[in-house]
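Residue numbers (the working numbering): 32 to 484.
Reviewing the structure listed below.
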C-alpha cells in the first residue's frame, strides 16, 4: 500500500467512528462577549436561541404543539415572529424581525423521554419574557447548558427496579397472581436494566429493543422453568410471560402523536406513531420468537377469587405502583411520580370497575379514564405547575393494551390472520380512545389548545 493510499484508508477508517448526526456548537453561532440583552441581539442570535429551545424540547419527548408553544414564547419575548415545521427528530423554522428573516434546519439523532427536563424547559419558556431584557443570549445559553447536561436522576439499576415494580403491578391488573408477578418482576427488571445500559452505549433502536426484550423474556422463562422443576409450579403460569416485556411500550410517542394529529401537526403525529409502531413491532416479534422457541402461547390467567373490597383495594395499590414505576422510568421526580400515581390509580380503577360492572365497552371505558386523568392533571397543574404530559402519560400507560398488541402479532406470525387482526383492531381502538380522552380534556381545560389560531 503506497503512502497516499494509506493516508486515504486511515482517513476513511477514522470517519466511520464519527457521528452520523453532527452536533451543533451553539456558542459558535453567537457573540459570546456581547452583553446586549436577548431582546436587543441580532436576528441570527435570537434565531439560534429559539431553535435551541425547540430542539431541547423535542429531545425530551415533547410533541410538536408543546415544542412550538415554547418556541413562540421565546420568540415573543424577543419581539420576533417564528414559524416552524416540526417532526420527530427535526425542526425547520424561520424567524422574522421586521423585514429581515432567518431560516434554519436542525435535528437530533434520536428521541427519548425526560419529564424532569421537560418541566424545567417549560418553566424556562414561561419565564423568558420577564427576563429577555435582563440577560444576554449567552447567559440564556448557559442556563440551557445546565438543563441539557444535568444528569439523569436514576441509574440503570434503579430504573431496572422501577420497571420491575411497574410490570409486576401491571401483571396483577391484567389478572396475574403471585407466580406471574414474581417472574415478571425479575424479567422486566433485567430487561430494562439491559435497555438502559444499551442506551448509555448509544446502541441503535432495533438492537436495543430486541436485546432488552429478549433478556426480559428469557429471564421470565428461566425463572418459571426453575420454579416448575424445583417447586412443581404449574406451566399454566406462562400466561404472564408477556408482562415481562411491557416496559418497552412507547406510551409517550403514541399519546403525543395522537395529540399532534388533533392539532393538525400531521408530520409530527405520523412520525411519532410510526416510531411507536416500529418499537411495538420489533418488541412483539422478538417476544414471539422467544415464545416459539420455548413453545409458549398466549393463554388466559388462572382466576383468583377476591371479595369486592379486596379487588378494589388491590387494584388501587397495583395501579399506583404501576404508574409510579413507569413515571420514574421517564426520569420524573419522586413528587411528580406520586402525583401521576394517584391520578392513574383513580382513573384506572374507574376503568376496570366500569368494565366489570357495566356494559360499557373497553374503548369507551378507556376514553373516560383518559378524560378523567387529563382533567385531574389540569387541576393539579394549578397547584404544582407540572406540565400535563408529565403526569397524564405515565398515568395512562398502564391502560395501553400491550397484551392485545402481542397477541395480534403472535397470531399474524402464525398466519392466523382473522384472530390476529381482531386483537390488533382492539388494541388500535383502545389506544385511539386513550388519545382522544386526553385531547378532549385539553380542549375542555386549555383555551390555547381549544382554539385553532
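We put the CB at the ideal spot given by N, CA and C, even for glycine.
This structure is a prediction, so every number in the text was calculated from the model and none was measured.
TODO: Have a look at 279, 201 and 251 and flag the residue whose alpha-carbon is nearest the alpha-carbon of residue 236.
DONE: Sequence index remark: in the chain shown, residue 236 carries index 205 (1-based). Of 279, 201 and 251, the residue nearest in Cα terms is 279.
- [ ] Jot down the residue ranges of each uninterrupted beta strand (DSSP E) in the stretch 88 to 145, minimum 3 residues, whole runs only, in chain order.
- [x] 112 to 117, 121 to 128 and 131 to 138
Task: CB of residue 193 within 8 Å of CB of residue 216, strictly - done: On the chain shown, position 162 is the one that residue 193 refers to. On the chain shown, position 185 is the one that residue 216 refers to. Result no, Cβ atoms of residue 193 and residue 216 do not sit closer than 8 Å.
- [ ] Return the CA-CA distance between residue 333 and residue 268, expressed in angstroms with no decimal places.
- [x] Here residue 333 corresponds to residue number 302 of the chain shown, with the count starting at 1. Here residue 268 corresponds to residue number 237 of the chain shown, with the count starting at 1. About 7 Å.
- [ ] For residue 177, count neighbouring Cβ atoms within 10 angstroms of its own Cβ and tell me buried if that reaches 16, exposed if not.
- [x] Residue mapping note: residue 177 aligns to position 146 of the chain shown, counting from 1. Exposed, since its Cβ has fewer than 16 Cβ neighbours within 10 Å.
- [ ] Taking only the alpha-carbon atoms, compute the straight-line gap between residue 489 and residue 346 and give it to the nearest angstrom.
- [x] Limits of the chain in this structure are 32 at one end and 484 at the other, which puts residue 489 out of reach.
Open item on the list: On the criterion of 16 or more Cβ atoms from any shown chain inside 10 Å, does residue 470 qualify as buried, or is it exposed?
Closed with: Position 439 of the chain shown, counting from 1, holds the residue named residue 470. Buried, because 16 or more other Cβ atoms sit within 10 Å of the Cβ of residue 470.
Task: Under the three-state DSSP convention, the category residue 182 falls into - done: Taking the first residue of the chain shown as 1, we reach residue 182 at position 151. Of the three classes helix, strand and coil, the one that applies to residue 182 here is coil, per DSSP.
Open item on the list: Excluding the 5 residues flanking residue 189 on each side, which residues of the same chain have their C-beta closer than 7 Å to its C-beta?
Closed with: For the purposes of this step, residue 189 is taken as residue 158 along the chain shown, with counting starting at 1. Closer than 7 Å at Cβ, skipping near neighbours: no residue.
Open item on the list: Helix, strand or coil for residue 264? Go by DSSP, reduced to three states.
Closed with: Here the question's residue 264 lines up with position 233 in the chain shown. Coil.
- [ ] Please confirm whether residue 146 and residue 421 have their CB atoms less than 8 Å apart.
- [x] Sequence index remark: in the chain shown, residue 146 carries index 115 (1-based). Sequence index remark: in the chain shown, residue 421 carries index 390 (1-based). A contact, by the Cβ cut-off of 8 Å.
Open item on the list: The alpha helix (DSSP H) that contains residue 306, what's its start and end?
Closed with: Position 275 of the chain shown, counted from the first residue, corresponds to residue 306. First-last of the alpha helix (DSSP H) with residue 306: 297 to 325.
- [ ] Output the boundary residues of the alpha helix (DSSP H) element that contains residue 70.
- [x] For the purposes of this step, residue 70 is identified with residue 39 of the chain shown, where counting begins at 1. Element bounds for residue 70: n/a, residue is neither H nor E.
- [ ] May I ask you to verify whether the stretch 158 to 170 touches the stretch 295 to 315, counting CB pairs closer than 8 Å and requiring at least 3?
- [x] no
TODO: Look at residue 84 and residue 102 and say whether their C-beta atoms are less than 8 Å apart.
DONE: By 1-based counting over the chain shown, the position of residue 84 is 53. By 1-based counting over the chain shown, the position of residue 102 is 71. Contact: yes.
Open item on the list: Counting only C-beta atoms, is residue 161 closer than 8 Å to chain D at any point?
Closed with: Any reference to chain D falls outside this structure, which holds one protein chain only.
Open item on the list: In this structure, how does DSSP classify residue 61 when only helix, strand and coil are distinguished?
Closed with: The count along the chain shown starts at 1 and reaches residue 61 at position 30. If DSSP states are grouped into helix, strand and coil, residue 61 belongs with coil.
Open item on the list: Taking the alpha carbon of residue 397 as the reference point, which residue from 160, 426 and 223 has its own alpha carbon closest?
Closed with: Residue numbering aside, residue 397 sits at position 366 when the chain shown is read from its first letter. The option with the nearest alpha carbon to residue 397 is 426.
- [ ] For my contact list, residue 247 and residue 275 are in at a C-beta cut-off of 8 Å; report their separation, rounded to the angstrom.
- [x] Indexing the chain shown from 1 puts residue 247 at position 216. Indexing the chain shown from 1 puts residue 275 at position 244. Contact holds; Cβ gap of about 4 Å.
Task: Whether residue 391 touches residue 343 by CB criterion (8 Å) - done: The count along the chain shown starts at 1 and reaches residue 391 at position 360. The count along the chain shown starts at 1 and reaches residue 343 at position 312. Going by C-beta atoms, residue 391 is not nearer than 8 Å to residue 343.
Open item on the list: Starting from residue 416, trace the alpha helix (DSSP H) in both directions and tell me its first and last residue.
Closed with: Position 385 of the chain shown holds residue 416. Run containing residue 416: none; DSSP gives neither H nor E here.
- [ ] For residue 394, name the three-state secondary structure that DSSP assigns.
- [x] If you number the chain shown from 1, residue 394 lands on position 363. Residue state, collapsed to three classes: helix.
Open item on the list: Suppose you measure from the CA of residue 395 to the CA of residue 324; what does that come to, to the nearest Å?
Closed with: Here residue 395 refers to the residue found at position 364 when the chain shown is read from its first residue. Here residue 324 refers to the residue found at position 293 when the chain shown is read from its first residue. Cα to Cα, the separation comes out at about 37 Å.
- [ ] Quick one: residues in its chain with C-beta nearer than 6 Å to the C-beta of residue 31, no 5 flanking neighbours on either side, listed in chain order?
- [x] Since the displayed the chain opens at 32 and closes at 484, residue 31 lies outside it and no answer follows.
- [ ] Identify whether residue 338 lies in helix, strand or coil by the three-state DSSP scheme.
- [x] Start at 1 with the first residue of the chain shown, and residue 338 comes out as number 307. Residue 338: coil per DSSP, three-state reduction.
Task: Other residues of its chain near residue 157: CB distance less than 8 Å, five sequence neighbours each side excluded - done: As a working mapping, residue 157 is identified with position 126 in the chain shown. So the qualifying residues of the chain are 104.
Task: N-terminal and C-terminal residue of the alpha helix (DSSP H) that residue 329 is part of - done: The sequence position of residue 329 within the chain shown is 298, counting from 1. Note, residue 329: premise wrong, no alpha helix (DSSP H); not H, not E.
TODO: Sort 78, 183 and 437 by Cα distance to residue 322 and report the nearest one.
DONE: Indexing the chain shown from 1 puts residue 322 at position 291. Minimum Cα distance to residue 322 is reached at 437.
Task: Euclidean distance between Cα positions of residue 161 and residue 69 - done: Stepping through the chain shown from its first residue, residue 161 is reached at position 130. Stepping through the chain shown from its first residue, residue 69 is reached at position 38. Each residue's alpha carbon lies about 11 Å from the other.
Task: Collapsed DSSP secondary structure at residue 209 in the structure displayed - done: In the chain shown, counting from the first residue as 1, residue 209 sits at position 178. The answer is helix: DSSP assigns residue 209 an H, G or I state.
Open item on the list: Between the alpha carbons of residue 458 and residue 431, how many angstroms are there, rounded?
Closed with: Position 427 of the chain shown, counted from the first residue, corresponds to residue 458. Position 400 of the chain shown, counted from the first residue, corresponds to residue 431. Using only the alpha carbons, I get a separation of about 8 Å.
Task: Inter-residue spacing [alpha-carbon to alpha-carbon] between residue 96 and residue 283 - done: For the purposes of this step, residue 96 is taken as the residue at position 65 of the chain shown. For the purposes of this step, residue 283 is taken as the residue at position 252 of the chain shown. Approximately 14 Å, taken between the alpha carbons.
Task: Local Cβ density within 10 Å of residue 362, reported as buried at 16 or more and exposed below that - done: Position 331 of the chain shown, counted from the start, is the residue given in the question as residue 362. Result: buried.
- [ ] Go to residue 387, then tell me how far its alpha helix (DSSP H) extends in each direction, as first and last residue.
- [x] As a working mapping, residue 387 is identified with position 356 in the chain shown. Where residue 387 is concerned, the enclosing alpha helix (DSSP H) stretches over 365 to 388.
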